[in-house]
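Participant:
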Amino acid sequence: MRIEESGTWRLRVPGATSVFFDNTSSPRYNWLLPGCLVEEQTMPDGKIHLTYYDHLGRVYASKCDLLRAWEQAGVQILDPKFDSLNKKEK
């Protein structure tokens with residue numbers, strides 16, 4: 359995958375480290391669609407910045423931005439956690 363470079367691309371911070379995760383790398387990111395990535399950039403002060411990438415390499419600043427793009431593309435996300443809640447209401 360080629361990560362798109364754009365005018366919003368942030369500069370790398372000296373001393374920061376980056377780790378990339380996909381939907382199989384960590385349970386906390388198993389909600390990602392195949393081909394999507396999350397970059398965890400750990401800053402020298404310990405703060406973690408998250409950047410999301412879709413399967414085409416487009417960059418998103420937040421999970422909400424990525425989910426909104428999926429919604430606009432017609433992707434429907436089904437979460438089994440909510441299915442059990444809906445059954446209780448009936």
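Numbered by the numbering used here, the letters in the sequence shown go through residues 359 to 448 in order. Quick reminder that beta carbons are idealized off the backbone N, C-alpha and C, glycines included. Here the structure is a predicted model, which means the values were calculated and not measured.
What residue range does the beta strand (DSSP E) around Q399 cover?
Facilitator: Looking at the DSSP string, the run of the beta strand (DSSP E) that includes Q399 is 395-400.
Participant: Is S384 near the ligand FMN, judged by its Cβ being under 8 Å from some heavy atom?
Facilitator: The ligand FMN is not among the ligands present in this structure, which contains no ligands whatsoever.
Participant: Since L425 is in the beta strand (DSSP E), which residue starts that stretch and which ends it?
Facilitator: Premise fails: L425 lies in the alpha helix (DSSP H), 421-430, not in any beta strand (DSSP E).
Participant: Check for me: the beta strand (DSSP E) holding S454 runs from which residue to which?
Facilitator: With the chain running from 359 to 448 in the structure shown, residue 454 is simply not present.
Participant: Give every residue of the same chain whose Cβ lies closer than 8 Å to the Cβ of V371, excluding the five residues on either side of it in the sequence, and list them in chain order.
Facilitator: Cβ neighbours of V371 beyond the five flanking positions: Q399, M401, P402.
Participant: Report the rounded CA-to-CA distance for A374 versus Y411, giving the unit in angstroms.
Facilitator: Going from the Cα of A374 to the Cα of Y411 covers about 19 Å.
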